[in-house]
Amino acid sequence: MITSPWAPPCNSKCVNKYASLMQIPWRVFCKKGCDADGDTWDECIGECDEICYKDPVLKDQQWSAYIDRSPGSAAYSEECFRACISGCGYKFDIPLEKVSQVHSRPPKDPVEEKPHAPVGESSSKISNVVKPPPGEIPTTSA
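Sequential numbering of the sequence shown, starting at 658, is according to our numbering.
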């Protein structure tokens with residue numbers, strides 16, 4: 658993909674690095690690294706962490722992590738982080754070796770779900786339902 662001459666150099670590098678059609682999402686996250694508000698390399702890394710990993714949106718409400726707009730799965734979050742860090746590296750002219758040494762945060766524990774009823778309890782409720790004999794069930798739909 659050819660970049661326009663008036664595009665910011667950082668964004669142009671992201672376009673060149675993630676030029677394939679299948680890499681468009683990562684190009685976007687690379688550009689987010691370029692456009693991050695942080696004034697230092699470390700602040701930019703922190704912003705990439707916030708962008709790419711699901712965290713609760715509402716304080717002390719772990720369930721609200723589901724409405725965070727981060728990529729979602731651990732693999733996508735890792736790829737997002739790598740792309741975003743690339744953008745930060747382009748923004749601050751960090752050598753590729755140093756950019757590749759940055760480690761993303763370890764995945765957090767998933768949100769705990771409420772336990773479901775044991776199988777024995779739920780099947781006992783179903784067994785109380787009256788079932789018609791096999792010969793009386795119509796084989797066609799209405």
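Cβ coordinates follow ideal geometry from the N, Cα and C atoms, glycine included.
Go through its chain and collect everything with a Cβ distance to C741's Cβ below 7 Å, but skip five positions before and after it. Here residue 741 refers to the residue found at position 84 of the sequence shown. Within the same chain, C741 has close Cβ partners F686, C687, K689, G690, C705, I708 and C709.
Which runs of the alpha helix (DSSP H) at least 4 residues long sit entirely within the stretch 677-755? Give them in chain order. 681-691, 698-709 and 731-748
Classify S757 as helix, strand or coil using the three-state DSSP reduction. Position 100 of the sequence shown holds residue 757. S757: helix per DSSP, three-state reduction.
By the three-class DSSP mapping on this structure, what secondary structure does P666 have? In the sequence shown, residue 666 corresponds to position 9, counting from 1. Helix.
Proximity to Q680 [Cα-Cα], best of E754, Y733 and L753: Here residue 680 refers to the residue found at position 23 when the sequence shown is read from its first residue. Nearest option by C-alpha distance: Y733.
Cβ-based neighbour list, I751, same chain, cut-off 8 Å, excluding 5 preceding and 5 following: Residue 751 sits at position 94 when you count from the first residue of the sequence shown. The answer, listed in chain order, is W698 and C745.
In three-state DSSP terms, what is V672? By 1-based counting over the sequence shown, the position of residue 672 is 15. In this structure, V672 counts as helix in the three-state DSSP scheme.
Nearest candidate by alpha-carbon position, reference F738, set A676, D717, R762 and K748: Here residue 738 corresponds to residue number 81 of the sequence shown, with the count starting at 1. Of A676, D717, R762 and K748, the residue nearest in Cα terms is R762.
What separation, rounded to the nearest whole angstrom, lies between the Cα atoms of V759 and P665? The count along the sequence shown starts at 1 and reaches residue 759 at position 102. The count along the sequence shown starts at 1 and reaches residue 665 at position 8. Distance between the alpha carbons of V759 and P665: 24 Å.
Member of S743, D717 and K711 whose CA lies at the smallest distance from the CA of N673: Looking up residue 673 in the sequence shown gives position 16. Comparing Cα-Cα distances from N673 to each of S743, D717 and K711, the minimum goes to S743.
Rounded to a whole number of angstroms, what is the C-alpha to C-alpha distance between Y747 and L753? Here residue 747 corresponds to residue number 90 of the sequence shown, with the count starting at 1. Here residue 753 corresponds to residue number 96 of the sequence shown, with the count starting at 1. About 9 Å.
So E736 packs on W683, CB below 8 Å; how close in whole Å? Taking the sequence shown and counting its residues from 1, one reaches residue 736 at position 79. Taking the sequence shown and counting its residues from 1, one reaches residue 683 at position 26. Between W683 and E736 the Cβ distance is about 6 Å, and since that is below 8 Å, they are a contact.
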